[in-house]
Amino acid sequence: MTPFKTFILLSIILTLIALIITYGAVKFTSSIHPATMITPYVDVENTTVSGEGLIVKLVIINATGNITITGGYASILETGQSAQLSTIGPLTLEAKYPLLPQYVNLSTIGIKGLVSGTFYGDPMYIGFFLVAPISVRINTWISNVEYSDCILNILISYSTPVPIMINEISNITLVDDTQSSYVFYVIGNIPLSTYITPGINNTVITINLGTIPNARVFSCSLVNGHTYTLYLPVSVTYVYPTINMTSQLTLYRVFITGG
Amino acid sequence: MRLEVIIQLIIALIFVISWFLAPLWCLRSNIYTQELTPLGFSITFLGHKYFLILPNSIAALIYVITSALIPIAWRNSRYSLYLSLFTLSLAIMLIITVFIFQSRYLFYGGYSVLSTETGYMYIRIPYTTYFGIPLYILVFLIIVTSVNAVTRARWITVRRMTIIEETLLMVRSEGPINAIRKALDRIGIQYSIINNALIIGDMAITASNTGRPEGVKEYLSFTDKGFIYFDGSSITELSTEQGIILAISKALIKGKPGKPLAGEYA
Numbered sequence: 001m002t003p004f005k006t007f008i009l010l011s012i013i014l015t016l017i018a019l020i021i022t023y024g025a026v027k028f029t030s031s032i033h034p035a036t037m038i039t040p041y042v043d044v045e046n047t048t049v050s051g052e053g054l055i056v057k058l059v060i061i062n063a064t065g066n067i068t069i070t071g072g073y074a075s076i077l078e079t080g081q082s083a084q085l086s087t088i089g090p091l092t093l094e095a096k097y098p099l100l101p102q103y104v105n106l107s108t109i110g111i112k113g114l115v116s117g118t119f120y121g122d123p124m125y126i127g128f129f130l131v132a133p134i135s136v137r138i139n140t141w142i143s144n145v146e147y148s149d150c151i152l153n154i155l156i157s158y159s160t161p162v163p164i165m166i167n168e169i170s171n172i173t174l175v176d177d178t179q180s181s182y183v184f185y186v187i188g189n190i191p192l193s194t195y196i197t198p199g200i201n202n203t204v205i206t207i208n209l210g211t212i213p214n215a216r217v218f219s220c221s222l223v224n225g226h227t228y229t230l231y232l233p234v235s236v237t238y239v240y241p242t243i244n245m246t247s248q249l250t251l252y253r254v255f256i257t258g259g
Numbered sequence: 260m261r262l263e264v265i266i267q268l269i270i271a272l273i274f275v276i277s278w279f280l281a282p283l284w285c286l287r288s289n290i291y292t293q294e295l296t297p298l299g300f301s302i303t304f305l306g307h308k309y310f311l312i313l314p315n316s317i318a319a320l321i322y323v324i325t326s327a328l329i330p331i332a333w334r335n336s337r338y339s340l341y342l343s344l345f346t347l348s349l350a351i352m353l354i355i356t357v358f359i360f361q362s363r364y365l366f367y368g369g370y371s372v373l374s375t376e377t378g379y380m381y382i383r384i385p386y387t388t389y390f391g392i393p394l395y396i397l398v399f400l401i402i403v404t405s406v407n408a409v410t411r412a413r414w415i416t417v418r419r420m421t422i423i424e425e426t427l428l429m430v431r432s433e434g435p436i437n438a439i440r441k442a443l444d445r446i447g448i449q450y451s452i453i454n455n456a457l458i459i460g461d462m463a464i465t466a467s468n469t470g471r472p473e474g475v476k477e478y479l480s481f482t483d484k485g486f487i488y489f490d491g492s493s494i495t496e497l498s499t500e501q502g503i504i505l506a507i508s509k510a511l512i513k514g515k516p517g518k519p520l521a522g523e524y525a
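First to last, the sequence lines map onto chains V and W.
My numbering applies: residue 1 is where the first sequence begins, and numbers increase by one.
My numbering applies: residue 260 is where the second sequence begins, and numbers increase by one.
What follows is the structure, given as structure tokens:
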């Protein structure tokens with residue numbers, strides 16, 4: 001066999017081996033597995049309603065590896081409010097929203113947004129959509145009534161996240177249920193300006209019926225053992241950060257004197 | 260064996276060793292690396308190591324070694340050098356298929372969008388790729404192999420010494436008789452040694468201190484000062500150098516030279 005023929009023969013053999021190996025390499029792709037990674041995600045730690053407003057605390061869960069959180073934003077779908085997220089811990093973020101009247105009607109809110117940070121030194125963003133329960137309630141009730149010497153002391157208890165103004169009392173009436181008779185009634189309004197700060201607290205409204213011209217007073221004191229009912233229609237203004245909302249509220253209390 | 264072919268083999272071996280020490284190609288980012296080793300891809304992801312064995316890569320390594328060994332094993336034709344270059348180009352093809360494989364099955368874009376329980380996660384991880392030292396050695400190997408194929412492994416201009424030159428050099432260290440004996444071995448002339456004299460047919464090559472062997476017509480004797488040639492009737496005095504040349508040429512006539520030396524990669 002001449003060297004040239006040997007050369008041609010060996011070249012063909014080597015080329016065929018290379019082709020078979022290249023084809024075999026593609027078959028080896030079955031040994032490639034997609035890598036799995038525990039992905040960190042954002043969840044609500046809690047939502048609180050206080051005088052400062054609605055505070056949403058978010059926490060990063062499954063934060064394995066070298067993750068740092070730098071900030072981001074979160075918006076509330078129901079109200080359209082958006083706020084920057086501030087870091088309050090290595091994996092905890094917080095956003096504050098001023099209270100709006102809509103919150104009173106809501107039991108859950110949808111929060112969506114983006115948390116930015118770094119993952120092993122490189123930029124990272126975690127988007128999220130969360131549903132969180134909230135409870136914004138304004139409660140006002142009469143917890144005690146005292147009446148003597150024609151002076152009425154009403155202890156009003158309240159629990160509110162927003163300031164409330166009690167503007168006026170209209171047609172206040174105290175009825176002796178035992179005798180089915182009025183103790184007093186007032187026709188018309190008594191202007192008032194009681195400011196209630198946010199929180200859970202009490203305030204006392206004192207009305208001297210002797211000085212009110214439209215009052216019809218039948219008795220200046222209560223009889224022990226009788227059941228009385230106080231009707232207290234009031235006009236209140238809820239002072240939200242962006243808007244003032246005035247509404248009429250009828251408070252009443254049934255009580256027995258002398259226990 | 261020609262020096263050029265040995266240089267080719269040495270560079271091939273350096274390439275093979277260096278590839279085991281350093282990756283030929285490398286992709287690096289903060290959380291993910293890919294390294295092309297002779298046995299396949301070494302992949303690290305978030306501290307987890309994974310090794311993907313690649314037949315192409317292993318075959319490329321074997322082809323490079325084969326390419327350098329072909330001219331060593333097959334010396335009598337220039338086609339061995341051509342086959343060596345062809346095999347090396349196949350090795351490069353195989354390395355290119357490794358890169359095609361990487362871009363198809365191990366593609367890494369530098370960012371990821373992952374779904375999470377409450378949304379998604381987007382990470383952007385810039386990466387850099389670079390070629391390692393073995394690639395540059397491989398480029399050098401391609402150049403040397405190509406030059407070998409084109410010049411038939413005759414690009415080093417420093418030629419080897421001829422047999423005469425080597426013999427003349429050896430006279431100083433080993434004496435004239437031993438030097439001639441080794442030259443005769445290489446040329447392939449049969450001789451016999453009697454009393455430290457080389458006998459070739461009816462001719463004897465002796466040193467001066469040994470006696471003149473019997474039954475020879477001609478004898479060549481190296482003395483302390485020079486060289487004496489006795490052709491049966493007359494004596495000629497020559498220098499040692501002339502004596503060596505005469506002794507070898509006479510031996511070629513008197514002796515029976517073996518097969519003529521084949522030229523390498525002719």
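Where a beta carbon is used, it is the ideal one built from N, C-alpha and C, also for glycine.
Self-check item: I355(W) in three-state terms, based on DSSP
Solution: helix
Exercise. Can you tell me which of the three DSSP states E425(W) falls into?
Key: helix
Quiz item: Which runs of the beta strand (DSSP E) spanning at least 3 residues fall entirely within the stretch 302-331 of chain W, listed in chain order?
Solution: 307-312
Exercise. Give the range of the alpha helix (DSSP H) segment to which D122(V) is assigned.
Key: Careful: D122(V) lies outside any alpha helix (DSSP H), inside the beta strand (DSSP E) at D122 to P133.
Quiz prompt | Limits of the alpha helix (DSSP H) - the one that Q267(W) falls within | solution = L262 to L280
Self-check item: Minimum C-alpha distance to V136(V) - residue among Q102(V), F128(V), G127(V) and P123(V)
Solution: Q102(V)
Practice problem: Please work out which residues of its chain come closer than 8 Å, Cβ to Cβ, to G378(W), disregarding the five sequence neighbours upstream and downstream, and give them in chain order. | Solution: none
Quiz item: Is the Cβ-Cβ distance between S159(V) and N139(V) less than 8 Å?
Solution: yes
Practice problem: For G225(V), write down the residues that DSSP places opposite it in a beta bridge. | Solution: Beta-bridge pairing links G225(V) to no other residue.
Self-check item: Rounded C-alpha distance that separates T482(W) from E263(W)
Solution: 41 Å
Practice problem: Using a Cβ cut-off of 9 Å, pull out every chain W residue sitting near L40(V), in sequence order please. | Solution: For the record, residue 40(V) in the displayed sequence is Pro; it is not Leu. Correct list: T375 and M380.
Exercise. Check each candidate in T70(V), I76(V), V42(V) and L174(V) and name the one with the smallest Cα separation from L100(V).
Key: I76(V)
Quiz item: Are the stretch 417-426 of chain W and the stretch 320-330 of chain W in contact at 8 Å, needing three or more beta carbon pairs?
Solution: no
Quiz item: Is S480(W) buried or exposed, if buried means 16 or more other CB atoms sit within 10 Å of its CB?
Solution: buried
Quiz item: Would P90(V) count as contacting chain W if we go by Cβ distances under 8 Å?
Solution: no
Quiz item: I385(W) versus chain V: which residues are under 8 Å apart at the beta carbon?
Solution: Note that residue 385(W) is Pro in the sequence shown here, rather than Ile. Within 8 Å Cβ-Cβ: D122.
Self-check item: 8 Å Cβ cutoff met for T237(V) and I164(V)
Solution: yes
Quiz item: So which residues of chain V does I290(W) contact, with C-beta pairs closer than 7 Å?
Solution: Y120
Self-check item: Distance between N62(V) and T39(V) (C-alpha atoms, nearest Å)
Solution: 7 Å
Self-check item: Backbone CA spacing between Y478(W) and G522(W) [nearest angstrom]
Solution: 33 Å
Quiz item: If you count every other CB in all the chains shown that lies within 10 Å of the CB of Q84(V), and 16 or more means buried, which is it?
Solution: exposed
Quiz item: Does DSSP put G491(W) in a helix, in a strand, or in coil?
Solution: coil
Quiz item: Mapping DSSP to helix, strand and coil, what is Y240(V)?
Solution: coil
Quiz item: When you compare only the Cα positions, how much space is there between I402(W) and S348(W)?
Solution: 11 Å
Practice problem: Could you check if R216(V) is buried or exposed, using at least 16 other CB atoms within 10 Å of its CB as the buried criterion? | Solution: exposed
Practice problem: Keeping to the same chain, check which residues put their C-beta closer than 6 Å to that of P241(V); ignore five residues upstream and five downstream. | Solution: P98
Self-check item: Counterpart residues of G72(V) in DSSP-defined beta bridges
Solution: V115(V)
Quiz item: Would S82(V) count as contacting chain W if we go by Cβ distances under 8 Å?
Solution: no
Self-check item: Cβ distance (whole Å) where Y291(W) is taken to contact Y125(V) below 8 Å
Solution: Actually they do not touch by this definition, with Cβ atoms about 18 Å apart.
Quiz item: Under a three-way DSSP split, which group does N46(V) fall into?
Solution: strand
Practice problem: Indicate whether at least one CB of chain W lies closer than 8 Å to the CB of G127(V). | Solution: yes
Quiz item: Buried or exposed: where does T108(V) fall if 16 or more other Cβ atoms within 10 Å of its Cβ makes it buried?
Solution: exposed
Practice problem: Could you tell me which residues DSSP pairs with P233(V) in its beta bridges? | Solution: T250(V)
Practice problem: Could you check if L19(V) is buried or exposed, using at least 16 other CB atoms within 10 Å of its CB as the buried criterion? | Solution: exposed
Exercise. Determine the burial state of M245(V): buried for a count of at least 16 other Cβ atoms within 10 Å of its Cβ, exposed for fewer.
Key: exposed
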